[in-house]
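Heads up: the structure comes next, in structure tokens.
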Amino acid sequence: MPEVGARDTVASPTPHGGVSQQLALHVAAMLFGASALFGEHIAASSTMIVFGRGLFSWLALTVIALTGLAGLRSAARLSGGAPWRGLPTASALRLIVAGVLLAVHWLAFFLAIKAGGVAVGTLGFACFPAFVILLEWPLRRERPSLGDVGVIALVCIGLALVTPAFDWRADASVGLAWGVLSGAIYAVIALSNRVLGAQASPLQASWWQCLGILVVLGPFAGREALTLPAAQWGWLACLGVVCTALAYTLFIHALRTVKASQAAVVIALEPVYAIAFAWALFGTSPTLKMAIGGMCIVGAVAWSGSMRSRR
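Take the sequence shown: its letter number 19 is residue 19 in full-length UniProt numbering, and every next letter is one higher.
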């Protein structure tokens, strides 16, 4: 799930955006949600899945930047379209460090999916707005608003309903814990991206972060990569190219005309799409209690995104 914010826009957004931008936004949310299904069913370790996702995302983003696909060359503010140009060395190194955090976030996310399933893992991760608020309080040095408190309360209620039983011997509890951890790490990444956003475009930042993933996980995934069947490499390519690079490209394209507050509501549907896909394809339907908890968490995500875009 990408962070929706003012720095992501590349043109003045219109109140509702065009039909193509609206469609692109929903397709991006669907593709981000579908990544959870790949994580559950790819026959590889979580480390290998993250490495493969980063590898194919990095390759695809390189092609997108160099060819200027989807009109993103001007948006990327790249010299000659090359992602490695036009950025100070210190900023590039900080983005690589952020990429290491992204690798840890993806690892926790896919561990959550493999342990607890698509619904538990995605909903656990979706609680990240609560961590963003908790981290922003000392940074903004101001008292929390009623909206901030409401978001945290909704997330807590949702997590309590999503958890089948508070038993660390249960896979669902372990999966939820990994999901919440992935959300906490993502909150740190989102805040660090805001600091670096003035020097790097979203596309450029993603390129350097994916490079950081390859650097940190390459030594650990190398042996498994040599023995991984071709079919699993194909699924990893789909995960990296379609569910990551293409989804992010569509997301940036949509934000050229769609307001950030509206985009936040649509992107909040990512876990809904993931659960719907798992239900339709594999028959893993959520319980009523989990569905209510999911609605609380998704509502908190949409509410938080809308509040941040107005600040």
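We put the beta carbon where it would ideally sit given N, CA and C, even for glycine.
Expected contact under 8 angstroms - CB spacing of residue i and residue j to nearest Å
| i | j | result |
| --- | --- | --- |
| residue 151 | residue 300 | 5 angstroms |
| residue 40 | residue 120 | Contact flag wrong, Cβ pair sits at about 11 angstroms. |
| residue 183 | residue 124 | 7 angstroms |
| residue 58 | residue 207 | 7 angstroms |
| residue 331 | residue 135 | No answer is possible for residue 331: the residues shown for the chain start at 1 and end at 311. |
| residue 158 | residue 294 | 7 angstroms |
| residue 87 | residue 200 | 6 angstroms |
| residue 214 | residue 54 | 6 angstroms |
| residue 102 | residue 204 | Wrong, their Cβ atoms sit about 14 angstroms apart, outside the cutoff. |
| residue 276 | residue 185 | That belief does not hold up - the Cβ atoms of residue 276 and residue 185 are roughly 26 angstroms apart, past 8 angstroms. |
| residue 116 | residue 171 | 6 angstroms |
| residue 83 | residue 60 | So it is not a contact: roughly 12 angstroms between Cβ atoms. |
Buried or exposed (CB count within 10 angstroms, at least 16 for buried), residue i
| i | result |
| --- | --- |
| residue 218 | exposed |
| residue 63 | exposed |
| residue 263 | buried |
| residue 122 | buried |
| residue 229 | exposed |
| residue 247 | buried |
| residue 129 | buried |
| residue 19 | exposed |
| residue 289 | exposed |
| residue 287 | exposed |
| residue 234 | exposed |
| residue 258 | buried |
| residue 139 | exposed |
| residue 148 | buried |
| residue 283 | exposed |
| residue 160 | exposed |
| residue 303 | buried |
| residue 46 | buried |
| residue 146 | exposed |
| residue 298 | buried |
| residue 35 | buried |
| residue 325 | Nothing about residue 325 can be read from this structure; the chain reaches only from 1 to 311. |
| residue 169 | exposed |
Coil, strand or helix - residue i by DSSP
| i | result |
| --- | --- |
| residue 78 | In this prediction, residue 78 has a pLDDT of 38, which is less than 50 and means its spatial position is unreliable; what the coordinates show is noted afterwards. DSSP places residue 78 in coil when its eight states are reduced to three. |
| residue 12 | Any reading at residue 12 must be qualified, since the residue scores a pLDDT of 47, below 50, and its modelled position is unreliable; the value itself is stated next. Residue state, collapsed to three classes: coil. |
| residue 43 | coil |
| residue 127 | coil |
| residue 54 | helix |
| residue 337 | The chain is shown from 1 up to 311; residue 337 falls before or after that span and cannot be answered. |
| residue 87 | coil |
| residue 171 | helix |
| residue 122 | helix |
| residue 33 | helix |
| residue 163 | coil |
| residue 99 | helix |
| residue 117 | coil |
| residue 307 | helix |
| residue 73 | For residue 73, the pLDDT reaches just 46, beneath the cut-off of 50, and the residue's location in the model is therefore unreliable, leaving the point undetermined. |
Residue i CB to nearest heavy atom of the ligand FMN below 7 angstroms
| i | result |
| --- | --- |
| residue 274 | Questions concerning the ligand FMN fall outside what the structure shown contains, since it holds no ligand whatsoever. |
Can at least three beta-carbon pairs, one atom from the segment 18 to 31 and one from the segment 239 to 258, be found at a separation below 8 angstroms? Short answer: they touch.
With three or more C-beta pairs closer than 8 angstroms as the rule, is the segment 101 to 113 touching the segment 165 to 178? Yes, they touch.
Count the C-beta pairs between the segment 45 to 52 and the segment 206 to 221 that are closer than 8 angstroms, then say yes if the count reaches three, no if not. Of all C-beta pairs linking the segment 45 to 52 to the segment 206 to 221, three or more are shorter than 8 angstroms, placing the two stretches in contact.
Would you call the segment 265 to 276 in contact with the segment 95 to 109, where contact means no fewer than 3 C-beta pairs closer than 8 angstroms? No: fewer than three Cβ pairs fall under 8 angstroms.
Quick check for students: name the residue ranges of the beta strand (DSSP E) that lie wholly in the UniProt domain "EamA" (175 to 303), counting only runs of 3 or more. Look at the UniProt domain "EamA" (175 to 303) and you find no whole run of beta strand (DSSP E) that is 3 residues long or longer.
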